[in-house]
Amino acid sequence: MQKRGGTVMNRTLKSLLGIILGLIIIFAYYNTFYSIEYSMQDMIYQKPSETTYEIAIIGVDEESLEEYGRWPWSREKITNLVKIIEQGNPAVIGIDILLSEKSDENLDKALVDEIKKHDNIVLAKMGKFNNYTKANNMEAIKMVEPFKELNESAMTGHINVFIDKDGVVRKTPLFYDYKGQKVESFPYQIYKKYCENQGIESVKLENIPLDNWNRMNIWFNEGSELTTKNERNNIRYEEISINRILNGEVPPEYLENRIVLIGPYATGIDDYYYTPLIKDEPVFGIQINANIVQNLLEKKFKTEANDYVNVLILLILAIITNLLFRKIKPIVSLVILILITTGYIFLCTVLNGNNYIVYISYPIIWIVLHYVLALLMRYVEKMKEVKDITSMFGKYVSPKIVKELISKGEKTLKLGGTKKYVTLFFVDIRGFTSMSEKLEPEIVVSVLNEYFETCVNSIFKYDGTLDKFVGDEIMAVFNSPIDLANHELAAVKSAIHMRDSGVEMHDRIKEEYGVDVRFGIGINSGEAVIGNIGTSFKMDYTCIGDAVNTAARLQAVATQGQIIISKVVYDKIKDYVEVTDLGEVKVKGKEDAIKIYQVDKLVVSE
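Sequential numbering from 116 applies to the sequence shown in this note's numbering.
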């Protein structure tokens, strides 16, 4: 019966684990718990390095706005800015400003003419997308570009920013399609132009690991204390106010051979975003572009594990945790849970250091849920075990022994059958037959129940196990299922207590009903087969064997009020009791006579 119950329990556990594992795989595929996953990736994967000196930001900041008025400015200022910066021979100039609308014709022409003079300028444009853009289908439906003449005078790149569901920028689309043409990003165009002007081979798009939306992971860099005048946040590149360039405070030579990014750098201009490093303070779009350019220059490309790899990780962890959590104690399982979780996070860190990204949260969620479910199943199994043990032994042993059995667990009981050295105890009521003939049935049952109550109390008092009732006879076992230090003495103490407790009851019944009834007790020790014996419909915990039969025969020899023990019992308890040697007796089933003793009283209490 226990085996079938365990099988059902195991099937239930496997089914639940399978369902949970399947759900986690689905959740991972759709990134259902994106906030948890993103937060863990930000914490573990984002390890910023210092910003590079090669990149400088010329910012439209508060200082410039105070000097030249509200944004946008006239094209003349932008033309003068480009002219001054180009005097210092920068490697590349990236203008992160949408110049899509024409203004004064002469000023527009002057700007176009100035930009045409140089082969190191990248301009910004922006694509418009519908609300149903899908993976592997990044195609803009509209493009906001520099006005025609300006658009034809220099390289252009898109400045689209795609934020994650939690409002944080972690990736950048290096390209998308528009009217059948590939539109590369603003920072990638700057990177390509820089490599071209420096005589360096640039990394082609097809060699950069991108996701299904053509996005590259951005690894944000952290500036040093010397990089900025206005410390707005930690993602700092050297920011120079446009005002300081135009008034000559910063000489053009300071920007020689550097990548110069021009763009908004003031809170009044709507071009700022949240990043993994600083989620409570936004950074400007020009800073994000600077980080992307540095990532490209340093070839900081991270490959994301595909769905198959992430599922494989979950399956491997499922096998490991299933082997461990189901077979180890809860407190040890908790330690293993911590070790596996810590080990997996360390593995993620190592893989990240080798430019490979795997999911962090979903495997950990699986590990924790598996642990919790294993605990739950252990609890259910324990409750079932408590119920089984209580059902099996509750009527046979004292509550104290039941608790001890529960603490030891069913597996230690060897209920399927085992040989064990035990002490067997038989008692019946001498004079029961004549009493049954003289008294009314109701009185017989009442008297019998009172005697049984006395007997069972004495057996339980000394940790014996009530084996069975047979008519007016009781069989008990000492040293099973719980081991007793001196089970022979425990059985004899139980017999003496039973005999003495029955004296008052004997006198009262004799006075009331005129019948003389007393206990006759036989005790023997030896090896017996013990276990659940019976059929699939009814099984009892009992013991069988020659030692059992001998104890029953000794009980048959005992007269009213007599406790008879065998020599093997006497040899174990002779220092504790006073006995009368009854010599040898021939009992049924034995060829040789056996030595027996009558227990008179207890002289030494162990």
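Even glycine gets a Cβ: it sits at the ideal position worked out from N, Cα and C.
Return the residue from the list 618, 389, 647, 692 that minimises the CA-CA distance to residue 634.
618
Expressed to the nearest angstrom, what Euclidean distance is found between the alpha-carbon atoms of residue 672 and residue 637?
8 Å
By Cβ distance below 8 Å, which residues in the same chain neighbour residue 694 in space, the five residues on each side in sequence not counted?
Contacts found: 680, 685, 712, 713, 714, 715.
Whole-angstrom distance between residue 377 and residue 224, CA atom to CA atom:
Straight-line measurement puts the Cα of residue 377 at about 20 Å from the Cα of residue 224.
Assuming residue 402 is part of the alpha helix (DSSP H), what are its boundary residues?
400 to 412
Taking residue 139 as the reference, which of 480, 335, 320 has the closest Cα?
480
Between which two residues does the beta strand (DSSP E) carrying residue 538 extend?
533 to 545
Limits of the beta strand (DSSP E) - the one that residue 715 falls within:
709 to 717
Is the beta carbon of residue 408 closer than 7 Å to that of residue 302?
yes
Where does residue 478 fall in DSSP's three states?
helix
Please return the same chain residues whose Cβ sits closer than 8 Å to the Cβ of residue 435, not counting the five positions on each side in sequence.
455
Anyone know if the C-beta pair for residue 257 and residue 240 falls short of 7 Å?
Residue 240 is positioned such that its CB atom lies no closer than 7 Å to that of residue 257.
Between the Cα of residue 589 and those of 457, 169, 613, 323, spot the shortest distance and give me the residue it belongs to.
613
Do you know offhand how far residue 616's Cα is from residue 663's?
25 Å
Where does residue 276 sit, in a helix, a strand or coil, going by DSSP?
coil
Nearest candidate by alpha-carbon position, reference residue 570, set 555, 610, 535
Ranked by Cα distance from residue 570, the first of 555, 610, 535 is 610.
Mind checking residue 573: buried by the 16 CB within 10 Å criterion, or exposed?
buried
In terms of alpha-carbon separation, which member of 238, 459, 254 lies closest to residue 245?
Scanning 238, 459, 254 for the CA closest to the CA of residue 245 turns up 254.
Pull up the distance between the alpha-carbon of residue 105 and that of residue 279, whole angstroms please.
In the structure as shown, the chain begins at 116 and stops at 721. Residue 105 is therefore absent and cannot be evaluated.
Can you tell which of 177, 333, 313 has its C-alpha closest to the C-alpha of residue 162?
333
How long is the line joining the alpha carbons of residue 208 and residue 201, rounded to whole angstroms?
8 Å
Between the segment 694 to 707 and the segment 573 to 585, do at least 3 Cβ pairs fall closer than 8 Å?
no
May I ask you to list the residues that DSSP assigns as paired with residue 636?
Note: residue 636 sits in a beta bridge opposite 542, 678.
Per DSSP, what are the beta-bridge partners of residue 297 in this structure?
292
So, do the segment 535 to 555 and the segment 593 to 611 have three or more beta carbon pairs nearer to each other than 8 Å?
yes
Given 8 Å, three or more beta-carbon pairs between the segment 269 to 285 and the segment 147 to 161
Contact annotation: the segment 269 to 285 touches the segment 147 to 161, with at least three C-beta pairs closer than 8 Å.
Local Cβ density within 10 Å of residue 476, reported as buried at 16 or more and exposed below that
Counting every other CB atom within 10 Å of its CB across the protein chains shown gives residue 476 a total of 16 or more, marking it as buried.
What three-state label does DSSP hand residue 661 in the structure shown?
helix
So which of 375, 629, 293, 472 has the shortest CA-CA distance to residue 421?
472
From the DSSP output, in three-state form, read off residue 643 for me.
strand
Run through DSSP, which three-state label would residue 390 get?
In the structure shown, residue 390 sits in coil (DSSP, three-state: anything other than H, G, I, E or B).
How big is the Cα-Cα spacing for residue 457 and residue 392?
Residue 457 and residue 392: Cα-Cα distance of roughly 22 Å.
Given 8 Å, three or more beta-carbon pairs between the segment 397 to 411 and the segment 287 to 306:
yes
Out of 449, 398, 172, 700, point me to the one whose CA is closest to residue 374's CA.
Out of 449, 398, 172, 700, the CA that lies nearest to the CA of residue 374 is found in 172.
When the Cα of residue 328 is compared with those of 287, 211, 218, 159, which residue comes out closest?
Nearest C-alpha to residue 328: 287.
From the DSSP output, in three-state form, read off residue 471 for me.
strand
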